[in-house]
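*Asks:*
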Amino acid sequence: MQIGAYSTFDKAKKFRVSIKSKINEEIFVSFDQRTSLYVVRLRPRDSRPEAEELRAKLRSQKEFSDAFILTIEI
0 MQIGAYSTFD
10 KAKKFRVSIK
20 SKINEEIFVS
30 FDQRTSLYVV
40 RLRPRDSRPE
50 AEELRAKLRS
60 QKEFSDAFIL
70 TIEI
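Here the sequence shown stands for residues 0 to 73, numbered as in numbering that gives the first Met the number 0.
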């Protein structure tokens, strides 16, 4: 689940810190070479329905209205 993307690591880190108390989730910041952005993501879910349920819960909060599910092929 991606919940943010920023041009600098500092901005992504500030967002992570600001939302940490609002959601009870592990939050990760990593660099996406394809977009050259620092992305803020939550831990992967075991199933699509579980991810969709979390996305719906997050989108009900203003800060996460753009949250979306990432599908990663291994």
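Quick reminder that beta carbons are idealized off the backbone N, C-alpha and C, glycines included. For clarity, every value in this text was computed on a predicted model and none was experimentally measured.
Excluding the 5 residues preceding and the 5 following K21 in the sequence, name in chain order all residues of the same chain whose CB lies nearer than 6 angstroms to its CB.
*Replies:* Closer than 6 angstroms at Cβ, skipping near neighbours: no residue.
*Asks:* Grab me the residues of F67's own chain with a C-beta within less than 8 angstroms of its C-beta, minus the 5 sequence neighbours each way, in chain order.
*Replies:* Within the same chain, F67 has close Cβ partners M0, Q1 and R54.
*Asks:* Applying the 10 Å Cβ sphere with the 16-neighbour rule, what's the burial state of R42?
*Replies:* The residue is exposed, with fewer than 16 neighbouring Cβ atoms inside 10 Å.
*Asks:* Quick one: which unbroken beta strand (DSSP E) runs of 3-plus residues sit fully inside the segment 21–64? Chain order, please.
*Replies:* Counting only runs of 3 or more, we get 26–31 and 36–41.
*Asks:* Quick one: using the 10 Å Cβ neighbour count with 16 as the cut-off for buried, is L57 buried or exposed?
*Replies:* Buried, because 16 or more other Cβ atoms sit within 10 Å of the Cβ of L57.
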